[in-house]
Amino acid sequence: MEENKELNEELNTPTTDEGVENNEENQNCEPEMPAAIAAELVQEEEKPVEEEKPVEDEITGVTADLSKEEEPSKADDVTGTYTGSTQHLDSTYFHAIRYIHDGTISIDDDMEKNRANFNAKLGKSKIIDIVSIVLMVIAFAGVIIVTFVNRENTEMAWLTWLILGIALAVIIFSFVLTTVYNKKNSKFTQEYLNDYEDMLNGYVISDLNINNPTLCIEAKVDDQDIIQAHYFRTINRIESRAVVEGQRNGYHFSLAEVAVVIPTISIAAANKKPEDLLNLDGTKYVPEDIPNTLTGTEEIASKDMTLIDLDIANEALNAKEAKKKEKDIRKANANKQTETATGLFGKIYSYGFAVDSEEAFIIAYMGNQDNTVLPDYLTGFKAIKVPTLRNNIVVYAVNPKTISKFFDEEGCRLVNDFVPNMVVQSAFISINSYGSKVGMTLSDDIMQLPIKQLAHLGSFDLYKDSTDKAFAFIDYVASKAGK
Numbered sequence: 008m009e010e011n012k013e014l015n016e017e018l019n020t021p022t023t024d025e026g027v028e029n030n031e032e033n034q035n036c037e038p039e040m041p042a043a044i045a046a047e048l049v050q051e052e053e054k055p056v057e058e059e060k061p062v063e064d065e066i067t068g069v070t071a072d073l074s075k076e077e078e079p080s081k082a083d084d085v086t087g088t089y090t091g092s093t094q095h096l097d098s099t100y101f102h103a104i105r106y107i108h109d110g111t112i113s114i115d116d117d118m119e120k121n122r123a124n125f126n127a128k129l130g131k132s133k134i135i136d137i138v139s140i141v142l143m144v145i146a147f148a149g150v151i152i153v154t155f156v157n158r159e160n161t162e163m164a165w166l167t168w169l170i171l172g173i174a175l176a177v178i179i180f181s182f183v184l185t186t187v188y189n190k191k192n193s194k195f196t197q198e199y200l201n202d203y204e205d206m207l208n209g210y211v212i213s214d215l216n217i218n219n220p221t222l223c224i225e226a227k228v229d230d231q232d233i234i235q236a237h238y239f240r241t242i243n244r245i246e247s248r249a250v251v252e253g254q255r256n257g258y259h260f261s262l263a264e265v266a267v268v269i270p271t272i273s274i275a276a277a278n279k280k281p282e283d284l285l286n287l288d289g290t291k292y293v294p295e296d297i298p299n300t301l302t303g304t305e306e307i308a309s310k311d312m313t314l315i316d317l318d319i320a321n322e323a324l325n326a327k328e329a330k331k332k333e334k335d336i337r338k339a340n341a342n343k344q345t346e347t348a349t350g351l352f353g354k355i356y357s358y359g360f361a362v363d364s365e366e367a368f369i370i371a372y373m374g375n376q377d378n379t380v381l382p383d384y385l386t387g388f389k390a391i392k393v394p395t396l397r398n399n400i401v402v403y404a405v406n407p408k409t410i411s412k413f414f415d416e417e418g419c420r421l422v423n424d425f426v427p428n429m430v431v432q433s434a435f436i437s438i439n440s441y442g443s444k445v446g447m448t449l450s451d452d453i454m455q456l457p458i459k460q461l462a463h464l465g466s467f468d469l470y471k472d473s474t475d476k477a478f479a480f481i482d483y484v485a486s487k488a489g490k
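The working numbering runs 7 ahead of the 1-based position in the sequence shown.
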């Protein structure tokens with residue numbers, strides 16, 4: 008995954024209605040396949056099926072005979088038209104994860120040791136590059152000097168040709184030497200990437216009790232892991248790599264590094280919270296009026312005092328300081344990101360545990376505004392007001408009454424335990440009849456292959472802690488589901 012999240016390709020936004028269609032084929036791994044996939048999801052409303060008329064099944068692409076007594080679509084249905092390409096990857100390229108964290112050495116120290124070994128290998132190649140450049144410069148300088156010195160001396164022409172021959176040989180030798188070591192560098196980098204992903208994923212899932220975890224760097228995520236989250240109405244493209252697969256509590260488990268490209272949306276729209284909410288008993292939520300103080304003035308919560316404090320502080324500043332601050336604010340606003348086309352840039356977890364479609368729900372954790380995108384594929388879902396949850400947590404559900412058992416005192420505590428931070432910049436948990444999905448938008452501390460020393464110690468711990476807390480809540484839902 009590139010350090011820079013900017014996507015250079017022009018995106019074609021498809022026309023949408025509702026839903027995206029599944030592609031049930033599993034994707035394996037083959038090294039020569041490209042890491043990125045080009046997928047375009049165009050959503051359509053389901054058409055009524057005529058009685059006794061064979062139709063093409065939208066999911067499998069096979070002909071099926073459907074009668075009018077067919078069971079209606081599920082509340083969390085994700086069918087539609089899917090036009091993404093499917094690549095078959097040989098599963099034999101998945102290798103068992105080697106890294107085992109025993110707690111004696113911190114993950115930061117292990118990562119730094121691995122990085123130092125990689126840089127030591129690259130150091131030898133850098134010396135060869137410098138030597139090659141010096142040889143080529145000397146060869147060019149020798150040719151120029153001999154050409155000018157012997158320009159009018161015909162008797163020494165042989166010397167000119169000799170120097171030219173030697174220079175040409177040196178240049179060819181330098182190019183060959185550089186090419187050979189560049190190939191070695193590519194091999195070293197690929198090995199380092201494999202080691203990094205092995206250590207990262209091995210550490211993150213170390214407390215999830217995953218049986219036989221395997222990893223393939225070149226593997227691509229199954230598109231359904233994104234589609235079935237019921238989070239993005241339209242997906243322009245999915246890029247992925249480093250797929251982990253295994254078993255957890257008898258269910259299939261997978262984890263992958265992904266970038267989900269969506270139609271461009273403003274930051275304000277991506278962070279706009281729903282206004283019409285339902286209570287867990289299904290009634291309409293009515294916000295309580297803010298009480299007035301005895302003096303007749305409106306009481307303002309402490310969290311809202313920031314703007315007032317800033318106004319008072321501005322009055323206290325002298326003219327020069329105020330002018331400088333105003334200039335800094337204008338500069339910051341000019342450089343501020345206003346739009347995004349990245350729905351998710353980080354990790355996607357797919358877990359086989361599922362609930363009934365009437366029990367389906369989505370939890371969106373809002374963090375950094377530039378890296379937060381609330382769900383827009385909410386057909387069949389309603390925004391729910393869950394008491395005691397933090398203000399930056401938004402919940403959507405098919406039927407609020409059926410999910411109230413998941414959001415009791417213990418459930419809400421587990422949901423609140425997951426807190427976005429500088430590493431996990433935003434996240435979502437989606438549990439429905441297709442399974443459980445966890446998406447995390449992560450910082451470069453995780454997504455960037457470390458070449459320099461780690462900028463922030465503890466980043467891997469923050470990422471692992473968020474993963475553990477997300478699955479702690481999923482396990483709690485599993486203990487309550489169907490009851």
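Every residue gets a Cβ at the ideal spot worked out from N, C-alpha and C, and that includes glycine.
- The C-alpha of TYR258 lies about 7 Å from the C-alpha of TYR358.
- For the pair MET429 and GLY353, the CB atoms are not nearer than the 8 Å cut-off.
- Scanning its chain for C-beta atoms nearer than 8 Å, with the 5 sequence neighbours on each side dropped, one finds around ASN423 the residues THR395, LEU396, ARG397, ILE400, in chain order.
- Minimum Cα-Cα distance from ILE178 among the listed residues LEU169, PHE147, PHE195 corresponds to PHE147.
- Within the same chain, SER139, LEU142, MET143 come within 7 Å of SER181 by CB-CB distance, once the 5 residues on both sides are set aside.
- Here LYS291 is bridged, per DSSP, to LEU285.
- For ALA226, no alpha helix (DSSP H) segment is defined, and its DSSP state is neither H nor E.
- For GLN231, the enclosing alpha helix (DSSP H) starts and ends at 231–234.
- Taking 8 Å as the upper bound for CB-CB distance, ALA82 and GLY387 are in contact here, some 5 Å apart.
- In this structure, VAL265 sits away from ILE151, with a CB-CB distance that is not shorter than 8 Å.
- About 19 Å separates the Cβ atoms of PRO457 and ARG105, ruling out a contact at the 8 Å cut-off.
- By the Cβ-count criterion, PRO294 is exposed, with fewer than 16 other Cβ atoms from all chains shown falling within 10 Å of its own Cβ.
- Proximity to ILE410 across VAL426, PHE425, ILE391 peaks at ILE391, based on C-alpha coordinates.
- Collapsing the DSSP output to three states places THR347 in a strand.
- A direct Cα-Cα distance of roughly 30 Å separates ASN218 from VAL85.
- When DSSP states are grouped into helix, strand and coil, SER113 belongs to the coil group.
- DSSP lists THR221, SER261 as the beta-bridge partner residues of GLU252.
- With 16 or more other Cβ atoms inside 10 Å of its own Cβ, THR379 counts as buried.
- In this structure, DSSP gives THR409 a helical state, which the three-state scheme calls helix.
- By the beta-carbon neighbour count (other beta carbons within 10 angstroms, threshold 16), THR474 is buried.
- Residue nearest to THR241 within the set LEU222, ILE269, LEU262 is ILE269 (criterion: CA-CA distance).
- Residue THR347 holds the alpha-carbon nearest to the alpha-carbon of ILE272 among MET118, TYR210, LYS291, THR347.
- The Cβ-Cβ distance between ASP214 and PHE467 does not fall below 8 Å.
- Residue state for PHE478 is assigned as helix, using DSSP reduced to three classes.
- For ASN439, no alpha helix (DSSP H) run applies; the uninterrupted beta strand (DSSP E) run containing it begins and ends at 431–439, by DSSP.
- In its chain, beyond the 5 residues on either side, ARG255 have a beta carbon closer than 7 Å to the beta carbon of ASN216.
- In this structure, the alpha-carbon of LEU285 lies about 22 Å from that of LYS490.
- Residue environment for ILE137: exposed (fewer than 16 other C-beta atoms within 10 angstroms of its C-beta).
- ASN243 sits away from LEU381, with the two beta carbons spaced by 8 Å or more.
- Annotated as proximal: LEU421 and PHE480, with beta-carbon spacing under 8 Å.
- Comparing alpha-carbon positions, the option among ASP383, LEU287, TYR441, ASP452 lying closest to CYS419 turns out to be LEU287.
- Residue pairing of VAL401 in beta bridges, as defined by DSSP: ALA371.
- Judged by beta-carbon spacing, LEU222 lies within the 8 Å limit of HIS102, meaning their Cβ atoms are closer than that value.
- Cβ-Cβ distances below 6 Å link ASP383 to ARG240 in the same chain, with the five nearest sequence neighbours on each side left out; the list follows chain order.
- Within the same chain, and ignoring the five residues on either side of VAL445 in sequence, the residues whose Cβ sits closer than 6 Å to its Cβ are TYR356, ILE436, ALA477.
- Between the C-alpha atoms of PRO427 and ALA275 there is a straight-line separation of about 19 Å.
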